[in-house]
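A.B. asks: If you use our numbering, the sequence shown corresponds to residues 93 to 346, in order.
For every residue, glycine included, the Cβ atom is placed at its ideal position computed from N, Cα and C.
Model, not experiment: these values are computed from the prediction.
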Amino acid sequence: MNEAYRGVLEQLVAMSARLGEPERDLVILGEGNTSAAVDDDIFLIKASGRSLVGCGPEAFVAVRRPAVMELLQRETATDEEIKAGLRAAAVDPEAAPPSIEATFHALLLGLEGVRFVGHTHPTVVNALLCSRDAEELFAGSLFPDQIVLCGVAPLLVPYTDPGLPLARAIREGVEEYHARHGVLPKVIFLRNHGLIALGATPGEVESITAMCVKSCRVLAGTMAFGGPRFMSPENVARIYSRPDEALRRKLITK
Ligand SMILES: [Zn+2]
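Spelled out as structure tokens, the structure:
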């Protein structure tokens with residue numbers, strides 16, 4: 093274990109334990125998973141069945157990213173083949189098996205600027221993601237700080253079976269988002285499931301997660317007053333490109 097590895101593990105454990113704090117209501121029991129890139133080749137991810145609540149270093153395993161990406165390229169694979177593939181991708185063959193969601197973590201850690209990933213199931217976010225009209229509710233942005241932290245627009249991925257199908261659906265969603273907006277998403281909403289925050293630092297993942305929870309509380313609040321009125325594309329673009337907001341984004345996500 094070299095120094096870079098130890099440093100990233102320490103940061104990942106601290107971020108994960110904070111995301112798992114019960115009073116934040118982001119996850120309960122074994123819900124959610126987190127990951128971090130050590131270098132271009134190796135990443136750390138929560139082991140299958142481990143809890144983020146009060147987690148320590150033993151909750152994480154080191155995995156080879158190219159080996160997981162190879163699984164993602166396969167046309168067809170059974171759950172058993174995927175599990176065996178993920179086990180084989182672990183740096184230490186004796187280590188606990190990585191989370192079944194290692195496929196989407198490997199994919200997202202390959203995006204430019206993404207070093208930490210936090211996937212949670214916050215109650216208020218899921219209240220909206222599990223609602224009848226989620227597609228309409230996640231069609232726009234509500235207030236400036238949401239755009240500063242969470243990006244130009246929400247990305248909502250349709251409900252998909254966990255594991256490989258979900259990773260493929262996320263890849264498709266990210267590609268479409270990039271083609272449409274010219275930038276990568278900062279957050280991905282999974283219908284009937286939860287959210288994924290992408291960050292260069294643990295602080296960015298935590299800030300994005302907190303802002304998503306707040307924006308969903310605001311969104312739920314608008315339902316009592318006639319429903320949301322989204323900001324115009326012009327105002328969204330203005331906030332997203334303002335130099336003072338870029339500086340604020342940097343300071344907030346340190
Ligand atoms: Zn999940």
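What does Thr212 pair with, by DSSP beta-bridge criteria?
C.D. replies: Answer is Leu287, bridged to Thr212.
A.B. asks: For the candidate residues Asp171, Val275, Arg321 and Cys308, whose alpha-carbon lies nearest to that of Pro257?
C.D. replies: Looking from the CA of Pro257, the closest CA among Asp171, Val275, Arg321 and Cys308 belongs to Asp171.
A.B. asks: Taking 7 Å as the cut-off, does the CB of Gly141 come closer than this to any heavy atom belonging to ligand 1?
C.D. replies: no
A.B. asks: Should His211 and Gly124 be called a contact, given that it needs their Cβ atoms to be closer than 8 Å?
C.D. replies: Annotated as proximal: His211 and Gly124, with beta-carbon spacing under 8 Å.
A.B. asks: Check Asn94 in the structure and name its three-state DSSP category.
C.D. replies: Per DSSP, reduced to three states, the secondary structure at Asn94 is coil, with no helix or strand assignment.
A.B. asks: Given that a residue counts as buried once 16 or more other Cβ atoms are within 10 Å of its Cβ, and exposed if not, what is Tyr332?
C.D. replies: buried
A.B. asks: Within this structure, are the beta carbons of Cys242 and Ser307 separated by less than 8 Å?
C.D. replies: Yes, the pair counts as a contact, with Cβ atoms nearer than the cut-off.
A.B. asks: Which residue from Leu178, Gly319 and Glu162 puts its Cα closest to that of Asp225?
C.D. replies: Ranking the options by Cα distance to Asp225, first place goes to Gly319.
A.B. asks: Quick check: the Cα distance between Arg116 and Phe152, rounded to an integer number of angstroms?
C.D. replies: 22 Å
A.B. asks: Checking the sheet assignment: what are the DSSP bridge partners for Phe135?
C.D. replies: Partner(s): Ala129 and Val155.
A.B. asks: Tell me whether the beta-carbon of Asp184 lies closer than 8 Å to the beta-carbon of Arg156.
C.D. replies: No, the pair does not count as a contact, with Cβ atoms beyond the cut-off.
A.B. asks: List the residues that DSSP assigns as beta-bridge partners of Val358.
C.D. replies: The structure shown does not extend to residue 358, since the chain is modelled only from 93 through 346, so no value can be given for it.
A.B. asks: When the Cα of Val206 is compared with those of Pro214, Thr293, Ala182 and Ala96, which residue comes out closest?
C.D. replies: Thr293
A.B. asks: So Val105 packs on Cys147, CB below 8 Å; how close in whole Å?
C.D. replies: The beta carbons of Val105 and Cys147 sit about 6 Å from each other, so the pair counts as a contact at 8 Å.
A.B. asks: What are the boundary residues of the alpha helix (DSSP H) that Arg224 is part of?
C.D. replies: That residue, Arg224, is in no alpha helix (DSSP H); it is neither H nor E in DSSP.
A.B. asks: Grab me the residues of Ala96's own chain with a C-beta within less than 8 Å of its C-beta, minus the 5 sequence neighbours each way, in chain order.
C.D. replies: The answer, listed in chain order, is Val130 and Asp131.
A.B. asks: So what does DSSP say about Ala261, is it helix, strand or coil?
C.D. replies: helix
A.B. asks: How about Val209 and Val145: do their beta carbons lie closer than 8 Å?
C.D. replies: no
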